[in-house]
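S.K.:
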Amino acid sequence: VTLAACGGSDSGSDGGSKSSGELSGTVTWWDTSTVGSEDKVFKKLAEDFTKKHPKVTVKYVNVPFGEAQNKFKNAAQSGSGAPDVIRSEVAWTPEFADLGYLAPLDGTAALKDQGDFLEQAAASTKYNGKTYAVPQVIDSMGVFYNKKIFKEAGVEVPKNIAELKTVSATIKEKTGKTGLYLRGDDPYWFLSFLYGEGGDLVDAENKTVTFDNEAGVKAFKTVKDLVDSKAAITDATNGWDNMQAAFKDGKVAMMINGPWAVADTYAGKEFADKANLGIAPVPAGSAGQGAPQGGHNLAVYAGSKNLDASYAFAEYMTSAESQATIAQQLSLLPTRQSAYLQKDVAKSEMIGFFKPVVDKAVERPWIPEGGSLFEPVKVEYTKVLTGQTTPEQGAKAVGDAYRKLLKDWK
Ligand SMILES: C[C@H]1O[C@H](O[C@H]2[C@H](O)[C@@H](O)[C@@H](O[C@H]3[C@H](O)[C@@H](O)[C@@H](O[C@H]4[C@H](O)[C@@H](O)[C@@H](O)O[C@@H]4CO)O[C@@H]3CO)O[C@@H]2CO)[C@H](O)[C@H](O)[C@@H]1N[C@H]1C[C@@H](CO)[C@H](O)[C@@H](O)[C@@H]1O
-18 VTLAACGGSD SGSDGGSKSS GELSGTVTWW DTSTVGSEDK VFKKLAEDFT
32 KKHPKVTVKY VNVPFGEAQN KFKNAAQSGS GAPDVIRSEV AWTPEFADLG
82 YLAPLDGTAA LKDQGDFLEQ AAASTKYNGK TYAVPQVIDS MGVFYNKKIF
132 KEAGVEVPKN IAELKTVSAT IKEKTGKTGL YLRGDDPYWF LSFLYGEGGD
182 LVDAENKTVT FDNEAGVKAF KTVKDLVDSK AAITDATNGW DNMQAAFKDG
232 KVAMMINGPW AVADTYAGKE FADKANLGIA PVPAGSAGQG APQGGHNLAV
282 YAGSKNLDAS YAFAEYMTSA ESQATIAQQL SLLPTRQSAY LQKDVAKSEM
332 IGFFKPVVDK AVERPWIPEG GSLFEPVKVE YTKVLTGQTT PEQGAKAVGD
382 AYRKLLKDWK
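Read in order, the letters of the sequence shown are residues -18 to 391 in the working numbering.
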């Protein structure tokens, strides 16, 4: 999709901005946002940018989240086909920076009011003392629940795993519905259970793999028991679609999810009345409570032929005004503290719930290998949930994979 203001633009010229300082040329932007719920809002923002810079054409390309990381690495490596700006997930950013594929942004027009960014959001954009991206959204996870089903069953939102099981049993008995949809094909959905047992993927400070300690085994046992006890249903594949459908159709009373799911969830028949959607902290485990930190940054390709317009585009798309727009329209959390002060954002119930959750979300190590820590968990998590391996063997397999990946770590 080529977005250009009505005034047209320098056709095809990739040249940088004119000596007059007026920006021009084409900026190709790979956006990974969800088609059908998020993309139209991001596209509109990009259009607004071209209205302010009529000589710039933004070529909007939506690349699915699951493909964008490898697609960008392949294009950047081959030197052809890489976009000028990419929506770089928090774990991809240190990896792309380490590979030399991102333009350092310090001192450029991409970075305005750096002090305005939440610390934990800015952390994933820093690598070897330089800044390689601009934080766009930050997120974490909570329990989404169907207030009508809870009322019908006469139960309260569970605060811990034991309550999750009793509440689910009551919901099943009183309404015939299943308590929780637990996504089984994406390891991100396992993290709050791991943190609840006091575990973590690694201890980056001490270069130690921790996934296969007793907390990791216990967390695998916890999720397996949720499925075996019928408190939760899960799928080995197509988890996103099945989870959203089950929750939006009222087949399950709860799901664990993040702000990026709100817009799509509101489209469900159960939530035509938005007030029927409740959000609560993820249940605590036997040793703690916590949800993971995720999110997305905008990064500029080091080989861009139009750095000036790309810097300006990245700045615009992550400005406090742009962030307030996506917060208000999509319930996505800003990374700029000033955006939370804008009136539409301050009065949003969803933002009001998720901001404290994000403030205490468990940070991950922003190391180049950070994104690769999920694949081994994805394999073993699904196998544990479907009984193809035991919690002990699954945790050990992940630990072994990590020690291969992270040279000289304990
Ligand atoms: C396996 C993957 O592990 C990690 O990903 C973690 C990730 O680091 C975590 O933060 C978390 O991401 C949250 C995210 O924070 C949260 O915002 C939301 O994102 C929404 C957007 O909000 C929404 O707008 C829209 O975009 O849609 C987005 C997605 O819904 O939900 C995300 C979780 O889904 O969880 C991810 C794990 O899934 C790696 O980073 C790789 O991605 C890796 N995949 C590659 C691995 C390659 C082989 O190595 C394989 O060949 C390749 O094909 C695979 O691509």
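A virtual CB, placed ideally from N, CA and C, is assigned to each residue, including glycine.
Is DSSP giving residue 97 helix, strand or coil here?
M.R.: As a working mapping, residue 97 is identified with position 116 in the sequence shown. The answer is helix: DSSP assigns residue 97 an H, G or I state.
S.K.: Out of 131, 144 and 147, point me to the one whose CA is closest to residue 156's CA.
M.R.: Here residue 156 is taken as the residue at index 175 of the sequence shown, counted from 1. The option with the nearest alpha carbon to residue 156 is 131.
S.K.: Rounding to the nearest angstrom, what Cα-Cα distance links residue 95 and residue 211 in this structure?
M.R.: Here residue 95 refers to the residue found at position 114 when the sequence shown is read from its first residue. Here residue 211 refers to the residue found at position 230 when the sequence shown is read from its first residue. Cα to Cα, residue 95 sits roughly 48 Å from residue 211.
S.K.: Which of the three DSSP states, helix, strand or coil, is assigned to residue 3?
M.R.: Against the sequence shown, residue 3 aligns to sequence position 22. In this structure, residue 3 counts as coil in the three-state DSSP scheme.
S.K.: Given this structure, state the Cα-to-Cα distance separating residue 194 from residue -15, to the nearest angstrom.
M.R.: In the sequence shown, residue 194 corresponds to position 213, counting from 1. In the sequence shown, residue -15 corresponds to position 4, counting from 1. Going by the C-alpha atoms only, they are around 54 Å apart.
S.K.: Please name the residue, chosen from 148, 357 and 341, that lies closest to residue 123 on a Cα-to-Cα basis.
M.R.: Working through the sequence shown from its first residue, we reach residue 123 at position 142. Closest option to residue 123, Cα to Cα, is 341.
S.K.: Give a yes or no on whether the C-beta atoms belonging to residue 343 and residue 176 are separated by under 9 Å.
M.R.: Within the sequence shown, the letter at position 362 stands for residue 343. Within the sequence shown, the letter at position 195 stands for residue 176. Going by C-beta atoms, residue 343 is nearer than 9 Å to residue 176.
S.K.: Just the C-alpha distance for residue 139 and residue 331, rounded to the nearest angstrom, thanks.
M.R.: Your numbering for residue 139 matches position 158 in the sequence shown. Your numbering for residue 331 matches position 350 in the sequence shown. If I take the Cα positions, the gap works out to 19 Å.
S.K.: Is it true that the CB of residue 264 sits closer than 9 Å to the CB of residue 335?
M.R.: Walking along the sequence shown from the start, residue 335 turns up at place 354. Walking along the sequence shown from the start, residue 264 turns up at place 283. No, they are not a contact pair.
S.K.: If we ignore side chains and look at the alpha-carbon of each, how far apart do residue 62 and residue 202 end up?
M.R.: Here residue 62 refers to the residue found at position 81 of the sequence shown. Here residue 202 refers to the residue found at position 221 of the sequence shown. So the two alpha carbons sit approximately 45 Å from each other.
S.K.: Look up residue 136 in the DSSP assignment and say whether it is helix, strand or coil.
M.R.: Working through the sequence shown from its first residue, we reach residue 136 at position 155. If DSSP states are grouped into helix, strand and coil, residue 136 belongs with coil.
S.K.: Please classify residue 238 as buried or exposed, where buried requires at least 16 neighbouring CB atoms within 10 angstroms.
M.R.: Position 257 of the sequence shown, counted from the start, is the residue given in the question as residue 238. Answer is buried; the Cβ neighbour count reaches 16.
S.K.: Thinking residue 274 and residue 119 are a contact (beta carbons under 8 Å), I'd like their distance in whole angstroms, please.
M.R.: Counted from its first residue, the sequence shown places residue 274 at position 293. Counted from its first residue, the sequence shown places residue 119 at position 138. Between residue 119 and residue 274 the Cβ distance is about 7 Å, and since that is below 8 Å, they are a contact.
S.K.: Ordered along the chain, which non-local residues of its own chain (more than five positions away) have a Cβ less than 8 Å from that of residue 269?
M.R.: Position 288 of the sequence shown, counted from the start, is the residue given in the question as residue 269. Taken in chain order, the residues that qualify are 176, 177, 178 and 179.
S.K.: Let me check understanding here. Comparing Cα to Cα, which of 227, 32, 45 and 283 lies closest to residue 20?
M.R.: Taking the sequence shown and counting its residues from 1, one reaches residue 20 at position 39. Looking at the Cα atoms, 45 is the closest of the given residues.
S.K.: Is any heavy atom of ligand 1 found at a distance shorter than 8 Å from the C-beta of residue 50?
M.R.: In the sequence shown, residue 50 corresponds to position 69, counting from 1. Flag set: Cβ of residue 50 near ligand 1.
S.K.: In three-state DSSP terms, what is residue -8?
M.R.: As a working mapping, residue -8 is identified with position 11 in the sequence shown. With a pLDDT of only 40 at residue -8, under the threshold of 50, the placement of this residue in the model should not be trusted; the figure read from the coordinates follows. Residue -8: coil per DSSP, three-state reduction.
S.K.: Please tell me whether residue 108 and residue 78 are closer than 9 Å, where the distance is taken between their beta carbons.
M.R.: Looking up residue 108 in the sequence shown gives position 127. Looking up residue 78 in the sequence shown gives position 97. It is a contact, given that the beta carbons lie within the stated cut-off.
S.K.: If we count the other Cβ atoms within 10 Å of its Cβ and call it buried at 16 or more, is residue 38 buried or exposed?
M.R.: Here residue 38 is taken as the residue at index 57 of the sequence shown, counted from 1. Label assigned to residue 38: buried.
S.K.: Quick one: does the C-beta of residue 338 sit closer than 8 Å to a heavy atom of ligand 1?
M.R.: Locating residue 338 in the sequence shown gives position 357, where the first residue counts as 1. No, ligand 1 has no heavy atom inside 8 Å of this Cβ.
S.K.: Please indicate yes or no: does the CB of residue 15 lie closer than 8 Å to some heavy atom of ligand 1?
M.R.: In the sequence shown, counting from the first residue as 1, residue 15 sits at position 34. Yes.
S.K.: Rounded to a whole number of angstroms, what is the C-alpha to C-alpha distance between residue -17 and residue 13?
M.R.: Along the sequence shown, one-based indexing puts residue -17 at 2. Along the sequence shown, one-based indexing puts residue 13 at 32. One C-alpha to the other measures close to 16 Å.
S.K.: How is the beta strand (DSSP E) around residue 53 delimited, first residue to last?
M.R.: Start at 1 with the first residue of the sequence shown, and residue 53 comes out as number 72. Taken as a continuous stretch (DSSP letters only), residue 53 belongs to no beta strand (DSSP E), being part of the alpha helix (DSSP H) at 46 to 59.
S.K.: Output the boundary residues of the beta strand (DSSP E) element that contains residue 84.
M.R.: By one-based count along the sequence shown, residue 84 stands at place 103. Where residue 84 is concerned, there is no enclosing beta strand (DSSP E), given that its DSSP letter is neither H nor E.
S.K.: Give the straight-line distance between the Cα atoms of residue -1 and residue 356, rounded to the nearest whole angstrom.
M.R.: Mapped onto the sequence shown, residue -1 falls at position 18. Mapped onto the sequence shown, residue 356 falls at position 375. Low confidence applies here, because residue -1 scores a pLDDT of 47, under 50, leaving its location unreliable and the question unanswered by this model.
S.K.: Classify residue 393 as buried or exposed, calling it buried when 16 or more other Cβ atoms lie within 10 Å of its own Cβ.
M.R.: Outside the modelled stretch of the chain, which goes from -18 to 391, sits residue 393, for which no answer is possible.
S.K.: How many whole angstroms separate the CB atoms of residue 8 and residue 66, which I take to be in contact at a CB cut-off of 8 Å?
M.R.: As a position in the sequence shown, residue 8 is number 27, starting the count at 1. As a position in the sequence shown, residue 66 is number 85, starting the count at 1. Correct: roughly 6 Å between the Cβ atoms.
S.K.: In chain order, what residues of the same chain lie with their CB nearer than 6 Å to the CB of residue 198, ignoring the 5 residues before and after it?
M.R.: Along the sequence shown, read from residue 1 onward, the residue named residue 198 stands at position 217. Cβ neighbours of residue 198 beyond the five flanking positions: 372, 373 and 376.
S.K.: Any idea what DSSP makes of residue 117, helix, strand or coil?
M.R.: Residue numbering aside, residue 117 sits at position 136 when the sequence shown is read from its first letter. Residue 117: strand per DSSP, three-state reduction.
S.K.: Given this structure, state the Cα-to-Cα distance separating residue 3 from residue 91, to the nearest angstrom.
M.R.: The residue you call residue 3 lines up with position 22 of the sequence shown. The residue you call residue 91 lines up with position 110 of the sequence shown. Residue 3 and residue 91: Cα-Cα distance of roughly 16 Å.
S.K.: Quick one: is the Cβ of residue 319 within less than 8 Å of any heavy atom of ligand 1?
M.R.: By one-based count along the sequence shown, residue 319 stands at place 338. No, the Cβ of residue 319 stays beyond 8 Å of every heavy atom of ligand 1.
S.K.: Relative to ligand 1, is the shortest distance from any of its heavy atoms to the C-beta of residue 78 smaller than 8 Å?
M.R.: Translated into the one-based positions of the sequence shown, residue 78 becomes position 97. Incorrect: residue 78 has no Cβ contact closer than 8 Å to ligand 1.
S.K.: Once you ignore the five residues that flank residue 391 on each side, which residues in its own chain have a CB closer than 6 Å to its CB?
M.R.: Stepping through the sequence shown from its first residue, residue 391 is reached at position 410. Counting only Cβ-Cβ distances below 6 Å, and skipping sequence neighbours, we find 189.
S.K.: DSSP three-state label for residue 211, please.
M.R.: Numbered from its first residue, the sequence shown carries residue 211 at position 230. Correct three-state label for residue 211: coil.
S.K.: Please find out if some non-hydrogen atom of ligand 1 comes closer than 8 Å to the beta-carbon of residue 64.
M.R.: The residue you call residue 64 lines up with position 83 of the sequence shown. No.
S.K.: Pick out whichever of 142, 352, 235 and 380 has its Cα sitting closest to the Cα of residue 69.
M.R.: Counted from its first residue, the sequence shown places residue 69 at position 88. Nearest C-alpha to residue 69: 352.
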